[in-house]
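Contents: one structure, followed by commentary.
Protein chains in written order, with the working numbering: chain V, 9 to 124; chain D, 5 to 115.
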């Protein structure tokens with residue numbers, strides 16, 4: 009299957025700082041990428057949909073000024089958590105949608121964010 | 005009522021057993037149905053994808069979709085300890101990629 013990478017896999021930052029998470033599709037082009045948040049023993053919660061070359065679409069309740077998403081190319085999307093707070097600590101996962109006639113979404117390995 | 009309901013388990017079975025995992029949903033517009041496997045602290049891995057109703061088989065895995073009952077299932081034959089993971093169902097009403105996930109069922113296959 010298609011491969012999606014995320015960097016970093018784990019990050020610890022201080023409260024009030026910003027942190028950037030990268031999501032890359034390694035062997036395919038993805039016009040659409042998604043960002044999810046997952047709490048322990050909970051399901052994935054969609055945060056936003058990222059389309060290459062256009063503004064991201066955020067889900068209800070997700071602060072767009074806090075979670076900045078940029079989809080600069082067909083293989084890279086970034087999520088920046090600005091002015092991080094301890095409650096932003098979570099597991100962030102991206103996914104990429106393959107194009108063409110099949111509909112398959114592939115997930116990255118996730119990024120564990122801890123805000124101290 | 006949640007759009008997608010999935011029993012979180014945990015489900016514990018002996019090695020070699022047939023495992024049945026299920027999800028129910030309320031949105032009749034859902035047409036795309038997926039099953040993902042997620043190991044601890046890892047991203048979900050796509051196992052099966054089905055469009056509309058019917059069955060799909062891939063090795064030891066069989067996915068079934070019954071749209072009339074709004075019910076989907078994943079069967080795992082000859083379960084192995086390496087199948088121990090959380091299984092998430094996911095579905096979508098369109099091909100835009102926006103998925104609605106179930107809570108996930110934790111499966112443990114004991115040797």
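We treat Cβ as the ideally placed atom computed from N, Cα and C, and that holds for glycine.
Can you check whether the CB of residue j is closer than 8 angstroms to the CB of residue i?
{"i": "residue 31 (chain V)", "j": "residue 11 (chain V)", "result": "no"}
{"i": "residue 40 (chain V)", "j": "residue 51 (chain V)", "result": "no"}
{"i": "residue 37 (chain D)", "j": "residue 54 (chain D)", "result": "yes"}
{"i": "residue 75 (chain V)", "j": "residue 53 (chain V)", "result": "no"}
{"i": "residue 74 (chain D)", "j": "residue 24 (chain D)", "result": "no"}
{"i": "residue 94 (chain V)", "j": "residue 23 (chain V)", "result": "yes"}
{"i": "residue 96 (chain V)", "j": "residue 70 (chain V)", "result": "no"}
{"i": "residue 83 (chain V)", "j": "residue 37 (chain V)", "result": "yes"}
{"i": "residue 109 (chain D)", "j": "residue 12 (chain D)", "result": "yes"}
{"i": "residue 42 (chain V)", "j": "residue 81 (chain V)", "result": "no"}
{"i": "residue 40 (chain D)", "j": "residue 111 (chain D)", "result": "no"}
{"i": "residue 76 (chain D)", "j": "residue 84 (chain D)", "result": "no"}
{"i": "residue 115 (chain V)", "j": "residue 106 (chain D)", "result": "no"}
Find the residues of chain D that neighbour residue i, judging by a C-beta separation of less than 8 angstroms, and give them in chain order.
{"i": "residue 114 (chain V)", "result": "50"}
{"i": "residue 101 (chain V)", "result": "47, 48"}
{"i": "residue 121 (chain V)", "result": "Neighbours of residue 121 (chain V) on chain D: none; closest Cβ ~13 angstroms, over 8 angstroms."}
By the criterion of Cβ-Cβ separation under 7 angstroms, what are the contact partners of residue i in chain D?
{"i": "residue 117 (chain V)", "result": "46, 47"}
{"i": "residue 51 (chain V)", "result": "92, 105, 106, 107, 108"}
I'd like to know if residue i contacts chain V, where contact means its C-beta is closer than 8 angstroms to some C-beta of that chain.
{"i": "residue 53 (chain D)", "result": "yes"}
{"i": "residue 76 (chain D)", "result": "no"}
Contact criterion: CB-CB distance below 8 angstroms. Does residue i meet it with respect to chain D?
{"i": "residue 54 (chain V)", "result": "yes"}
{"i": "residue 87 (chain V)", "result": "no"}
{"i": "residue 90 (chain V)", "result": "no"}
{"i": "residue 47 (chain V)", "result": "no"}
{"i": "residue 57 (chain V)", "result": "yes"}
{"i": "residue 11 (chain V)", "result": "no"}
For the stretch 91-108 of chain D, which residues have a beta carbon sitting closer than 7 angstroms to at least one beta carbon of chain V? 92, 99, 101, 102, 103, 105, 106, 107, 108
Can you pull out the residues from the stretch 55-70 of chain D whose beta carbon lies closer than 8 angstroms to at least one beta carbon of chain V? 55
Chain D contacts from the stretch 22-40 of chain V (Cβ-Cβ distance under 7 angstroms): 40
Listed from N- to C-terminal order along the chain, which residues in the stretch 70-83 of chain V have their beta-carbon within a distance smaller than 8 angstroms of any beta-carbon of chain D? none
Would you list, in sequence order, the uninterrupted beta strand (DSSP E) runs of no fewer than 3 residues that lie entirely inside the stretch 12-98 of chain D? 15-18, 23-29, 36-42, 49-55, 58-62, 65-70, 75-80, 89-96
Could you give the uninterrupted runs of the beta strand (DSSP E) lying entirely in the stretch 39-98 of chain V, keeping only those of 3 residues or more? 40-46, 52-59, 75-81, 84-89
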